[in-house]
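**Q** Please see the structure below; I have some questions.
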Amino acid sequence: NIGEFHFNSGRMDDAQKAYSEAEKFPQSPAYGLAVYKKGWCLYNLGLFENSMNQFLKVIEYARTPAAQKIGYARQLITEAQRDLVMAYSRVGNPDNAIRVFRQISPTNYMDLAGSLAEGYTAQGEYDKSTRLLRKIMAEYKDGPQAHRAIESQRGIFENAYRMGVKARVKEEEGRLIGLIERLRPTAPKAWIDEEDPRVEELLRVVSTTYHRESGVTRDEATAALASQMYADYLRLFPSAAERPSILINQ
Numbered sequence: 008n009i010g011e012f013h014f015n016s017g018r019m020d021d022a023q024k025a026y027s028e029a030e031k032f033p034q035s036p037a038y039g040l041a042v043y044k045k046g047w048c049l050y051n052l053g054l055f056e057n058s059m060n061q062f063l064k065v066i067e068y069a070r071t072p073a074a075q076k077i078g079y080a081r082q083l084i085t086e087a088q089r090d091l092v093m094a095y096s097r098v099g100n101p102d103n104a105i106r107v108f109r110q111i112s113p114t115n116y117m118d119l120a121g122s123l124a125e126g127y128t129a130q131g132e133y134d135k136s137t138r139l140l141r142k143i144m145a146e147y148k149d150g151p152q153a154h155r156a157i158e159s160q161r162g163i164f165e166n167a168y169r170m171g172v173k174a175r176v177k178e179e180e181g182r183l184i185g186l187i188e189r190l191r192p193t194a195p196k197a198w199i200d201e202e203d204p205r206v207e208e209l210l211r212v213v214s215t216t217y218h219r220e221s222g223v224t225r226d227e228a229t230a231a232l233a234s235q236m237y238a239d240y241l242r243l244f245p246s247a248a249e250r251p252s253i254l255i256n257q
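The sequence shown begins at 8 in the working numbering and counts up by one.
Structural data, given as structure tokens:
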């Protein structure tokens, strides 16, 4: 396949042209893959909006009867949705993400929004991640998955920590603790069993980091923040393996 040859050789412009030729034959068994790989060519060329539209075209094609006969339509949908989120992170507005993803995947749009928030964090775009996470929390509010607000607030707390603004860290940690205390008792046990270790680790890392920092800087506000987080940690995780070391630090 000439498109694959150019793609694997890093010649994205030539590969994109070859895949565009293959797009002229929608009855071909290779059509779906060609449409998908063209999306990657456009992404690698920095044409992120075009790439996003191309991945959307893949999703639309994968839902047709012709695609179902090929045998990998479901895989195409899964991968194209994932890659569309990646392209959206470059050009899309986080405030519109849930609405856009709901149109693309009515049953999976919240997971796509969550993946986008994680992508923003990975790219260092903490403000965008936090804006989207707040909208995710609002979407879950008062519904059967209201407990997932804990997950979103954990992400917001981590974003604040990564941004290095301690006033925001203190505020978002307080919100996280409040949500845990309110929602944990009624949340599904299987979900809590997965989420608790993530919260435990994050709270432990942030509190011990600030404790060490305050030992060097002698900053009383940082020391007080670490102490408060230690107290929250000990109250929330009485059986944690790291509890003895936190007790010593406190």
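Ideal Cβ positions, reconstructed from N, Cα and C, are used throughout, including at glycine.
1) Would you mind reading off the limits of the alpha helix (DSSP H) that contains V223?
2) Kindly indicate which three-state DSSP category V172 falls into: helix, strand or coil?
3) If you reduce the DSSP assignment to three classes, tell me which class Y43 lands in.
4) Can you list the beta strand (DSSP E) stretches of 3 or more residues lying completely in the segment 46-134, in chain order?
5) Once the 5 residues before and after N57 are set aside, which same chain residues still bring their CB inside 6 Å of it?
6) Since L209 and E165 should fall inside the 8 Å C-beta cutoff, what is the C-beta to C-beta distance between them, to a whole number of angstroms?
7) Give the straight-line distance between the Cα atoms of I184 and M117, rounded to the nearest whole angstrom.
8) Could you have a look at S136 and say whether DSSP puts it in helix, strand or coil?
9) Using the three-state DSSP reduction, which class does D149 fall into: helix, strand or coil?
10) How long is the line joining the alpha carbons of K64 and N15, rounded to whole angstroms?
11) Please classify V42 as buried or exposed, where buried requires at least 16 neighbouring CB atoms within 10 angstroms.
12) Please report the distance separating the alpha-carbon of Q88 from that of F62.
**A** Here's the rundown:
1) K196 to T224
2) coil
3) helix
4) none
5) L49
6) 6 Å
7) 23 Å
8) helix
9) coil
10) 23 Å
11) buried
12) 7 Å
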